[in-house]
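Residue numbering for the sequence shown follows our numbering, beginning at 45 and increasing consecutively. Virtual Cβ for every residue (Gly too), placed ideally from N, Cα, C. Take a look at the structure set out below.
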Amino acid sequence: MNDKFFLRLIWIVTAVVLVVVITLKIVPPPTVKPSFIYLLPHLIGGINATCAVLLILSLIFIKRKNIQAHKVTNVITFILSAIFLIFYILFHLYEKDTKYGDIDHNGILSVAELAAVSGTRMIYFFILITHIMLAIIVLPLILISFLRGFSMQIERHRKIVRWAYPVWLYVAVSGVIVYLMISPYYNF
């Protein structure tokens, strides 16, 4: 199999993930929810934090020319990111988005609730929106960088990683920040 096959597969996977995530925003959640669903946001936050640390370690390893540790760290980070995506889809299948500032957890922001978060609400939305947009962009970049790395196309791998790495790191770190900012407003 050649690069064309894998590149097509990467774009198909990216499109499918995007369609699934968009569909989750449209389809109403089932009425019966498994009890483990409410653990997922906390696991997702932990996975994002772990991925951020592993990505930093990966950079340290490659700077020190420890290629094997770099590869292993990236594979672990990739697997954790895949688990994150599964958990994210599962959670949003059963639960709709939490409103930032919804102190009484009724799904409606009152004037008082809006006033209470007026200083941080725009910061939250900026981080959230950039996190979402860059998460969409980074998926194919990550997959292509893995393709280039594992097929030993080192120069091509380096070229794409120059873009993929900082975006992936931002998505991981901003995911933790979003989790920390929204978690007080979960209704569970």
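Check                                                                                                                                                 : Outcome
For His86, count neighbouring Cβ atoms within 10 angstroms of its own Cβ and tell me buried if that reaches 16, exposed if not.                       : exposed
Distance check for Phe131 and Lys140, CA to CA, integer angstroms please.                                                                             : 14 Å
In three-state terms, what does DSSP make of Thr142?                                                                                                  : coil
Would you grab the beta carbon distance between Ala179 and Ala96 for me? Rounded to a whole angstrom, and I think it's under 8 Å.                     : The Cβ separation is near 13 Å, so there is no contact.
Tyr223 and Ile88 look like a contact to me (Cβ under 8 Å); what is the Cβ gap, rounded to whole Å?                                                    : 7 Å
Using only alpha-carbon positions, find the residue among Lys115, Phe170, Ile127, Leu103 that is nearest to Pro210.                                   : Leu103
Can you tell me whether DSSP reads Gln112 as helix, strand or coil?                                                                                   : helix
Compare the Cα-Cα distances from Ile91 to each of Leu137, Phe122, Pro228 and report the closest residue.                                              : Phe122
Relative to the C-alpha of Leu68, which candidate in Glu199, His136, Ile186 has its C-alpha closest?                                                  : His136
Determine the contact status of Tyr144 and Ile226, defining contact as a CB-CB distance below 7 Å.                                                    : yes
Under a Cβ-count criterion, where at least 16 other Cβ atoms within 10 Å of its own Cβ denotes burial, should Ala156 be classed as buried or exposed? : exposed
Using CA coordinates, which residue listed in Leu183, Thr142, Leu62 is at the minimum distance from Tyr168?                                           : Thr142
Are the Cβ atoms of Leu213 and Thr58 separated by less than 7 Å?                                                                                      : no
Roughly how many angstroms lie between the CA atoms of Met166 and Leu83, to the nearest whole one?                                                    : 27 Å
For the region 150-179, list the alpha helix (DSSP H) runs that are entirely contained and at least 4 residues long, ordered along the chain.         : 155-160
Confirm, please, whether the CB-CB distance from Ile171 to Ile221 is below 7 Å.                                                                       : yes
Residues in its own chain within less than 6 Å of Ala113 by CB, not counting five upstream and five downstream?                                       : Phe105
Quick check on this structure: which residue in Ile100, Leu134, Ile133 has the alpha carbon closest to the alpha carbon of Ile120?                    : Ile100
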